[in-house]
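Inspection log for the structure reproduced underneath, given as structure tokens.
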Amino acid sequence: MKKTKTVNQRIRSIDGKGIMMGRAAYTDDFAPKEALVIKVLRSPHAFARIKSIDKSKAEALPGVEIVLTHEDFPRNPFTRAGQGYPEPSPHDKYALDDHVRYVGDEVACVAAHDEETAEAALKLLEVDYEIKEPVLDFEKAKGHASIIHAEEGIHEMFPIGFEPEKNVAAAYHMEVDDVEKRLAESEVTVTSSFYTQAQSHTALEPHTVNARLDYQDRLVLYSATQTPFHVRRILSQALEIPLNKIRVIKPRVGGGFGGKQAIHGEMLAAMVTMKTKKPSRLTYTRKEVFEATYTRHPMRIDMRLGATKDGRITAIDCYGLSDTGAYGEHALTVFMVTGSKVLPLYNKVDAVRFHGDVVYTNRVSSGAYRGYGAIQGNYALESAIDMLAEKLGMDPVELRQKNMIAEGETSPIFEIMGEGTEGTAMNMETCKLDHCVKRGMELIGYKDKFPRREIGNNKLRSVGMAIAMQGSGIPYIDMGAATIKLNDDGFYNLLVGATDIGQGSDTILAQIAAEELGVDVEKVVVYSSDTDLTPFDAGAYASSTTYVSGNAVWKAAKTMKKRLIEEAARSLGVEVEDIDFRGTSFKSKKDGEELSLSDLSNTLFYNDDQKQLSVTESYYGTKSPPPFMAGFVEIEIDKETCEYEVVDYVSVVDCGVTINPKLAQGQVEGGIVQGLGMAMTEDVKIAANGKLVTADFLNYKIPTGKDIRKLTTEFAASYEESGPYGAKSVGEIGIDTPPAAIANAVYNALGVRIKSLPITPEKIQAARTEKD
Amino acid sequence: MNINGRKRIFDIRPDELLADTLRRHDYTSVRKGCDTTSCGVCTILIDDEPVPSCAYLTVRAEGKKITTVEGIAEEAERLAGCFGDEGADQCGFCNPGIALSVHALKLSAKAPTEENIRHYLVGHLCRCSGYQSQVKAIRRYLGDTT
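Here's what the structure looks like:
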């Protein structure tokens, strides 16, 4: 690895100070004071047809500006999923529709001069519903008499197995070799079903958008989004506003985790402002965020493993049933990741199959959520691997070491499965999984602590572990671009479409540019992102930013450097080969004459052959090098109550070179704790009528500062040739291992296998009772 | 009321909440995240005690000393440096509220332990960091200044 001054250094976030000081930065900080306040009437029914809406009383309320129902929108189906185009999600959503498909679905919206009036107006709307039988059990959804999407006009963009008449949003099947045959031949097999629950993202900043018409009569939206360019495109298609009449600005975003990859309030705010010509704002209440944005896809995963007696895994069969809820956002892509970013972990099998359906139900829509698909599949596979180890009488770590993917190897799955399409063949140029496992064992003290120890006071301590992989962007589909502009006095603007949503991408992209250009980070002023001003980027999802956007920035910086050298050579009257580039200056190797960057830039602006130096470069992946990790957890569990807590969570991660080690650590640890939330407490619950029970932070329990005692995080030495300065992405890998690691630790403590998330003391108790 | 050392007079509705009043008057550091006093992003200090302003009627603040993070700018800047050194700042939506609670902690306890710090953080949900880096940053900050 080359020696670096800025990259791989612990540099403070470039925006930390202003953010801590509370300066205006987030979407709602930019809403005009006079903006109309939008409130949404939401369905009290899980499934119903709207026979009529009488809006006369609401419209008559003083202070009400407009009331919008499905009759006010063009009837264009779209998908809210912010993905590349054409989307692999069905176009099954209307901005407002004459059907409501979950409790919380949008019925109508009111825009008024203040919040109180808007809320009062909602109560005056009279809606006549024809209530239909909802489908709430996803295992009974396929072929159910109640058809959730029977409307005309909805469609898939290309074949994804879309069969709405059967309540199937997408389906998938792939097989390598003959799985049934290989399983029948296996000396040892494990068969088990696992259930994963809906999880809420709970970014601290609620979903929010505000809109206005600018002096050129263009629609300008500030949106807390992960995907501003997708928002612009989808708005244009759905509302029939020409693309050139829309500008989407993404200011600071207060967390996303996939929840802001989609369109939520944007349609309504855009329409209110287009119709009234007045600015408007729509900020979701926390209840609305819980009730009417997204959750993680709940799944049932049936896992079958076959192995030889000496522990060679020969076959994996994975059947999945995924619940996409009322709309099919990310239905196929999440599902495919359950196979494609999980099953290649054990690449030496003779046969592997992944298949199943994604079904509609009358609950809130599932959508993108950090580690999507992978965390569900990881829980099932990595639980099953421990079950297999026990059957074989082998140490579970040893079984993994014998079978897991290694550097230089590949899996046929990479070529077969992409995200909604075929995949891309690739070899693992970097895979330090072996080190991650060994080092993780040392850090947790595996040899002394596996499987459990009595610590007195009726308590046990046990350890559990899991390994995981992710990806780095979506090859051949998602592009990122960067513009670097030279200013007088020799500093740069870095304009990126990449969306910093709190993960620190503005900082790490500045580090990459600063490193290549040989200047301090302060000399690279980052701006992200604005559809009018910054170049395109697909957005912050699928662990794209470091690898895809980072490569775009790196390319742009290299091109800028080349241009600077050409200008310096011209100015010094020498050949480009004679220039020694030193970042802030250029030296002629011929005569030693020196020219500062500041002087060169000033001359270019004002004095000689004047020009603006500006370069734009783009990058799309031709592969998606996976980051890998091993996660080891030690828990302390009460033998009577089965209550347990995490004593330490050890993560050893191979994400290539960390552009900013501290920020990368933050990505891993934040992911671990979200994963622990899913493993231990978080559970989106609905009542028998489909109404959400967990609609606030009192009922939906995310980890607090007291819940996790210790996190231990290390990075493996690794250099990914295709990544910027050797980096792979790191946004999602942290979330994958906790559910399986916790399940395995609980098993190692008490000998009961919990096959549904979250793993609560109640479930452990019940499993023990059943066992006895 | 007295906000950050400056006397302010506002026209308000009797049922108005302090978080809304402050946001309307451009105290952008005060945010709304949950409506159930669970998340901590609306935290302000009233007479040096941390209070969730989303559940506090503005009328009750009459004559009281209100502090937002804008009122402890120097301290917040120093804390931001510690957050930066520990990689504790991610989305930052919760940061101003934390800064105020840390300030109150500093005023209330002589040498806060990690346990004290974690106890204070329970009122500040963070979905980004996993908390450990925040605890380290706060310890660093308190070590620097107490």
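In order, the protein sequence lines correspond to chains A and B. Residues 395 to 1166 in the numbering used here are what the first sequence spells out, letter by letter. Residues 3 to 148 in the numbering used here are what the second sequence spells out, letter by letter. Beta carbons are placed, not taken as given, at the ideal position from N, Cα and C, and that holds for glycine.
### Message
Relative to the C-alpha of I959 (chain A), which candidate in A:D926, A:A934, A:S995 has its C-alpha closest?
### Response
A:S995
inquiry  = Are the CB atoms of T718 (chain A) and H749 (chain A) within a distance shorter than 8 angstroms?
reply    = no
Whole beta strand (DSSP E) elements within the region 1056 to 1124 of chain A, 3-residue minimum: 1105 to 1109
Report task. Give, in chain order, every residue of the region 55 to 88 of chain B whose Cβ lies closer than 9 angstroms to some Cβ of chain C. Result -> Of the chains in the structure shown, none is chain C; the protein chains are A and B.
*I1148 (chain A) to V53 (chain B) span [Cα, whole Å]*: 41 angstroms
Problem - Endpoints, the alpha helix (DSSP H) within which A101 (chain B) is located - result: 97 to 110
Open item on the list: List, in chain order, every chain B residue whose beta-carbon is nearer than 7 angstroms to that of T596 (chain A).
Closed with: R129
query = Closest Cβ-Cβ distance between L123 (chain B) and chain A: below 8 angstroms?
reply = yes
Problem - Beta-carbon proximity check, S979 (chain A) vs I973 (chain A), cutoff 8 angstroms - result: no
Could you tell me which of A:S899, A:D1042, A:K956 sits nearest to L378 (chain A), measuring between CA atoms? This structure cannot settle anything about residue 378 (chain A), because the visible part of chain A is limited to 395 through 1166.
What is the DSSP secondary structure of N604 (chain A), counted as helix, strand or coil?
strand
inquiry  = When you compare the CB positions of A656 (chain A) and R474 (chain A), do they come within less than 8 angstroms of one another, or not?
reply    = yes
- prompt: Going along the chain, which residues of its own chain have a beta-carbon closer than 7 angstroms to the beta-carbon of A429 (chain A), five neighbours each way excluded?
  reply: N604, P673, S674, R675
| query | Using DSSP with H/G/I as helix, E/B as strand and the rest coil, what is T148 (chain B)? | reply | Note that T148 (chain B) scores a pLDDT of 45, beneath 50, so its modelled location is shaky and nothing firm can be said.
For the candidate residues A:D1003, A:G652, A:I710, whose alpha-carbon lies nearest to that of T689 (chain A)? A:G652
**OP:** Would you mind listing the beta strand (DSSP E) stretches within the region 513 to 537 of chain A that are 3+ residues and don't spill past its ends, in chain order?
**Re:** 520 to 525
Looking at C-alpha atoms only, which residue of A:T602, A:P456, A:L629 is the closest neighbour of P468 (chain A)?
-> A:L629
Comparing the C-beta of T679 (chain A) with each C-beta of chain B, is any distance below 8 angstroms? yes
Does the distance from the C-beta atom of A564 (chain A) to that of I554 (chain A) stay below 8 angstroms?
yes
Name, in chain order, the residues that DSSP records as bridge partners for K487 (chain A).
A:F472
- Item | Residues bridged to N887 (chain A) [DSSP beta-bridge criterion] | A:K879, A:V919
- request: Starting from the beta carbon of F12 (chain B), find every residue of chain A whose beta carbon is closer than 7 angstroms, and list them in chain order.
  value: Ordered by position in chain A, no residue passes the 7 angstroms Cβ test against F12 (chain B), which lies about 14 angstroms from the chain.
Tell me whether the beta-carbon of G714 (chain A) lies closer than 8 angstroms to the beta-carbon of Y754 (chain A). no
**Message:** Using 8 angstroms as the threshold, is the C-beta distance between E88 (chain B) and R142 (chain B) below it?
**Reply:** yes
I need the DSSP call for R8 (chain B), collapsed to helix, strand or coil.
strand
Can we count M568 (chain A) as close to the ligand ZN, meaning its CB is less than 7 angstroms from some heavy atom? This structure does not include the ligand ZN; it has no bound ligands of any sort.
Exercise for the section: Taking only beta carbons into account, state which residues of the region 93 to 110 of chain B come closer than 8 angstroms to chain A, listed in chain order. Expected result: C93, G94, F95, C96, N97, P98, A101
Query - Proximity winner among A:S937, A:D926, A:I906, relative to T400 (chain A) (alpha-carbon distances) - result: A:I906
| said: Going by beta-carbon coordinates alone, are Y935 (chain A) and Q631 (chain A) separated by less than 8 angstroms? | reply: no
- Query: Beta-carbon of S656 (chain A) versus every beta-carbon of chain B: anything under 8 angstroms?
  - Reply: Just to set this straight, residue 656 (chain A) is Ala in the shown sequence, not Ser. A656 (chain A) does not count as touching chain B.
Legend entry - Per DSSP, the bridge partner or partners of F441 (chain A): DSSP, once it has assigned bridges, lists no residue as partnering F441 (chain A).
So, are the CB atoms of T804 (chain A) and D1048 (chain A) less than 8 angstroms apart? no
In chain A, which residues lie less than 8 angstroms from R8 (chain B) when you measure between Cβ atoms? What R8 (chain B) touches in chain A: nothing, since even the nearest Cβ is about 16 angstroms away.
I want to see whether chain A comes within less than 8 angstroms of T148 (chain B), judged by CB atoms only; does it?
Reliability fails at T148 (chain B), whose pLDDT of 45 lies under 50, so the model's placement of it is uncertain and the value that follows must be treated cautiously. With 8 angstroms as the cut-off, T148 (chain B) does not count as an interface residue toward chain A.
- In the structure shown, what three-state DSSP assignment does I871 (chain A) receive? coil
Self-check item: Reduced DSSP secondary structure (H/G/I, E/B, other) of Y1141 (chain A)
Solution: helix
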